[in-house]
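FYI, the working numbering numbers position 67 of the sequence shown as 78, with every residue one higher than the one before it. Ideal Cβ placement from N, Cα and C applies to all residues, glycine included. Only a predicted model underlies this, so the values are computations on that prediction, with no experimental measurement involved. Down below is the structure, laid out as structure tokens.
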Amino acid sequence: MNEAMTEKETNEIREEKKSLNFIEQIVEEDLKSGKHKEIITRFPPEPNGYLHIGHAKSIILNFGLGEKYNGKTNLRFDDTNPVKEDVEYADSILEDVKWLGYKWHGEVRYASDYFEQLYEWAIKLIKDGYAYVDDQSGEEISATRGTPLQPGKESPFRNRSVEENLDLFERMRKGEFKDGEKVLRAKIDMSSPNMHMRDPVMYRIKHAEHHRTGNKWCIYPMYDFTHGQSDYIEGITHSICTLEFENHRPLYDWFLDRIYEEGKTRPRQIEFARLNLSYTVMSKRKLLKLVENGYVSGWDDPRMPTISGLRRRGYTPESLKIFAEKVGVAKRENIIDVGLLEYSVREHLNKTAQRLMTVLDPLKVTITNYPEDKEEMLPAVNNPEDESAGTREVPFSGTLYIEREDFREEANRKFFRLKPGGEVRLRYAYFIKCNEVIKDENGNITELLCTYDPLSKGGKSPDGRKVKGTLHWVSAKHAVDVDVRLYDRLFSDETPDGHKDKDFTEFINPESLSVLKNCKSEPFIKNAVPGDRFQFERKGYFCVDKDSSKDKIIINRTVALRDSRSKKNG
Ligand code: ATP
Ligand code: MG
12 MNEAMTEKET NEIREEKKSL NFIEQIVEED LKSGKHKEII TRFPPEPNGY LHIGHAKSII
72 LNFGLGEKYN GKTNLRFDDT NPVKEDVEYA DSILEDVKWL GYKWHGEVRY ASDYFEQLYE
132 WAIKLIKDGY AYVDDQSGEE ISATRGTPLQ PGKESPFRNR SVEENLDLFE RMRKGEFKDG
192 EKVLRAKIDM SSPNMHMRDP VMYRIKHAEH HRTGNKWCIY PMYDFTHGQS DYIEGITHSI
252 CTLEFENHRP LYDWFLDRIY EEGKTRPRQI EFARLNLSYT VMSKRKLLKL VENGYVSGWD
312 DPRMPTISGL RRRGYTPESL KIFAEKVGVA KRENIIDVGL LEYSVREHLN KTAQRLMTVL
372 DPLKVTITNY PEDKEEMLPA VNNPEDESAG TREVPFSGTL YIEREDFREE ANRKFFRLKP
432 GGEVRLRYAY FIKCNEVIKD ENGNITELLC TYDPLSKGGK SPDGRKVKGT LHWVSAKHAV
492 DVDVRLYDRL FSDETPDGHK DKDFTEFINP ESLSVLKNCK SEPFIKNAVP GDRFQFERKG
552 YFCVDKDSSK DKIIINRTVA LRDSRSKKNG
């Protein structure tokens, strides 16, 4: 500690500091100053849909802080709305958080567990003269709120006595009034420049069954009267949320000021910019519309930006973390290029994915000088980026498939793949030369007759002669048929929900899914199970779909090997 640091060490520390995002900086200061001994963050989803990549960012941020600073992260369902329980949504959220590799602290929490405490705090606010029961209708309340430039009008019920308010609020709880007949409002300031401070509603009457509390309540706290206090109850030190809650912060503080007890942890709210992605819609409401109207096959359709959709598409938890790291944490709204997400998954799968050869659009090749019944097994590298992945044996024979686009009858000098009279390398196998092109009566090419050079085994040149093209291939008799689903962007517009006069569904790309039937894969694929990921050499990264079975193997393309958009005809 007392020894002077070398220049290198100080530089390293400086580097590290520089790379902290602004939230990490706050956390580090709070730990250093002793404000907190341990940090507690939380992820608070509303179980009204599947989580999307924006939520993934929030999860990675909150749980990432917990991990990095040896703290804790809670998972809390924000279930203040007594809608019918959607177990499907709640379950999917738990599954997604687990899949990302995180473990929440203790049990799953529910805002509804705090209803009794919130009610007691509401009573306290009434007693202290900070809340009143308003008989105005919802329309009257919004009509008298004013505008940002004009003050609102005080309710005629604003100055009820504490006793009357207590009595009415208790009777609201007992169910003596109908939905909408009364609300409880905070008594703050009807002329505040912050609209959220104009006597916001704290409780509303809703004679509805809640999925956890059943019929115990017919009054329900509003989100704004719940969120900050739930954080307070759980001892959350850093309450991280998206920018739209910045204007709510004074209100949360106002509530906390009135219930805070000395010595307890007071949550600090920190806002960051929500993630927006180009060519993508993100709000759960819009994603639900895509599902309900059948534009996609479900919440986990591989074209969806949901965590379950990305998982099915072949994304890995690590790739989403790489993405979150690259995006960083911003204080201003922006739109991230969806290409960065694709880049992130390539980066991770390049290091981890098993390589295989699969021909998506097969063209038959007969090697005329290869002994008719001969077969041989040729070693192939499983992952050049990972030596420990080892090798496998790929069967070779005299009848093969190559990719149709790898042959051109009319080819210029820059075309290094197969052409009449030309020679190429078959990866891991031999050099072959094309001698004859066979066509059907319509002039379509049906087969190529080639010869191989037995001395070029392993794809090595026997005499120093060079071939430029290397093709993937599959032995016809050993090939396994697979169906491959190729995906393009779901929307053809960069900001599908950014048009005032047009609904985002008008920008749906009709060609976002194409299915290739009976592609030819090497036998290794036979044992693949849903979720397995591969690189098909020269074709991209692929993942076995959940619809796949032993009889019909179905594979999703996660992403092409390169961003074809930056090099259109590459
Ligand atoms: P949406 O607006 O997409 O329907 P939401 O905000 O209603 O989502 P919640 O379940 O309330 O969804 O969100 C849970 C947490 O995830 C919140 O803390 C919220 O701020 C965060 N979150 C939601 N969308 C994004 C996003 N696009 N980027 C980052 N964080 C997000
Ligand atoms: Mg929300």
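Start and end of the alpha helix (DSSP H) containing residue i?
| i | result |
| --- | --- |
| PRO406 | Per DSSP, PRO406 belongs to no alpha helix (DSSP H); it is in the beta strand (DSSP E), 402 to 408. |
| VAL485 | No alpha helix (DSSP H) contains VAL485, which is instead part of the beta strand (DSSP E) from 484 to 486. |
| VAL38 | 33 to 43 |
| ILE230 | Premise fails: ILE230 lies in the beta strand (DSSP E), 230 to 232, not in any alpha helix (DSSP H). |
| PHE547 | Unbroken run through PHE547 is the beta strand (DSSP E), 544 to 547; no alpha helix (DSSP H). |
| LEU136 | 126 to 138 |
Measure the beta-carbon distance from residue i to residue j and round it to whole angstroms, keeping in mind my assumption that it falls under 8 Å.
| i | j | result |
| --- | --- | --- |
| SER172 | ASP145 | In fact, because the Cβ distance is near 14 Å, the residues do not count as touching under 8 Å. |
| GLU548 | ARG438 | 7 Å |
| ASN567 | GLY225 | Contact flag wrong, Cβ pair sits at about 42 Å. |
| VAL495 | LEU527 | 4 Å |
| ILE34 | ILE251 | 6 Å |
| SER103 | SER319 | 6 Å |
| LYS557 | ARG323 | 6 Å |
| PHE418 | LEU459 | 6 Å |
| TYR231 | PRO93 | 6 Å |
| ALA335 | ILE71 | 4 Å |
| HIS63 | LEU298 | 7 Å |
| ASP190 | LYS227 | In fact, because the Cβ distance is near 17 Å, the residues do not count as touching under 8 Å. |
| GLU353 | ASP574 | 7 Å |
Going by the C-beta, is residue i closer than 7 Å to any heavy atom of the ligand SAM?
| i | result |
| --- | --- |
| PRO278 | By its list of ligands, the structure shown excludes the ligand SAM, since it contains just the ligand ATP and the ligand MG. |
Between the beta-carbon of residue i and the beta-carbon of residue j, is there less than 8 Å?
| i | j | result |
| --- | --- | --- |
| GLU420 | VAL478 | no |
| LEU86 | VAL38 | no |
| THR84 | ARG53 | yes |
| GLY454 | CYS445 | no |
| GLY542 | VAL570 | no |
| TYR243 | PRO278 | yes |
| LEU129 | THR237 | yes |
| ALA364 | PHE407 | no |
| GLY163 | ARG156 | yes |
| TYR498 | PRO316 | no |
| TYR125 | GLN240 | yes |
| ILE134 | LEU177 | yes |
| LEU8 | ARG544 | As shown, the chain starts at 12 and ends at 581. That puts residue 8 outside it, with no answer to give. |
| ARG436 | GLY475 | no |
| LEU76 | PRO328 | no |
| TYR61 | TRP310 | yes |
| PRO261 | MET206 | no |
| VAL596 | ILE564 | Summary: the structure shown does not reach residue 596, with the chain confined to residues 12 through 581, and so no result is reported for it. |
| ASN59 | LYS295 | yes |
With residue i as the anchor, note down where its beta strand (DSSP E) starts and where it stops.
| i | result |
| --- | --- |
| VAL448 | 442 to 450 |
| PHE427 | Unbroken run through PHE427: none, as it is neither H nor E. |
| ALA142 | 142 to 145 |
| THR569 | 564 to 570 |
| VAL435 | 434 to 437 |
| PHE5 | An answer regarding residue 5 cannot be provided, because it is not within the stretch 12 to 581 covered by the chain. |
As an exercise, report each continuous beta strand (DSSP E) stretch of at least 3 residues that is fully enclosed by the region 147 to 227, in chain order.
194 to 197 and 212 to 216
Should the region 516 to 523 be regarded as contacting the region 332 to 350, the criterion being three or more beta carbon pairs within less than 8 Å?
no
I'd like the ranges of any beta strand (DSSP E) spanning at least 3 consecutive residues and lying wholly in the region 320 to 389.
365 to 367 and 373 to 378
Taking contact to mean 3 or more Cβ pairs, one atom from each stretch, closer than 8 Å, check whether the region 463 to 479 and the region 529 to 549 are in contact.
no
If we count Cβ pairs, one from each stretch, closer than 8 Å, do we get three or more for the region 81 to 101 versus the region 354 to 364?
no
Does the region 249 to 260 come close enough to the region 113 to 122 that 3 or more CB-CB pairs lie under 8 Å?
no
Could you tell me which whole alpha helix (DSSP H) segments of length 4 or greater appear in the region 253 to 308?
260 to 270 and 295 to 303
Counting pairs of beta carbons, one from the region 193 to 201 and one from the region 210 to 220, are three or more of them closer than 8 Å?
yes
The region 504 to 513 touching the region 364 to 380, judged by at least three CB pairs closer than 8 Å:
no
Any alpha helix (DSSP H) of 4 or more consecutive residues that is wholly inside the region 461 to 524
none
Would the region 362 to 373 and the region 405 to 418 be scored as touching if the rule is three or more Cβ pairs under 8 Å?
yes
Where in the region 50 to 119 do unbroken runs of the alpha helix (DSSP H), each at least 4 residues long, occur, reported from the N-terminal end onward?
64 to 79 and 98 to 110
Cβ contact check for the region 345 to 354 and the region 286 to 293: 3 or more pairs under 8 Å
yes
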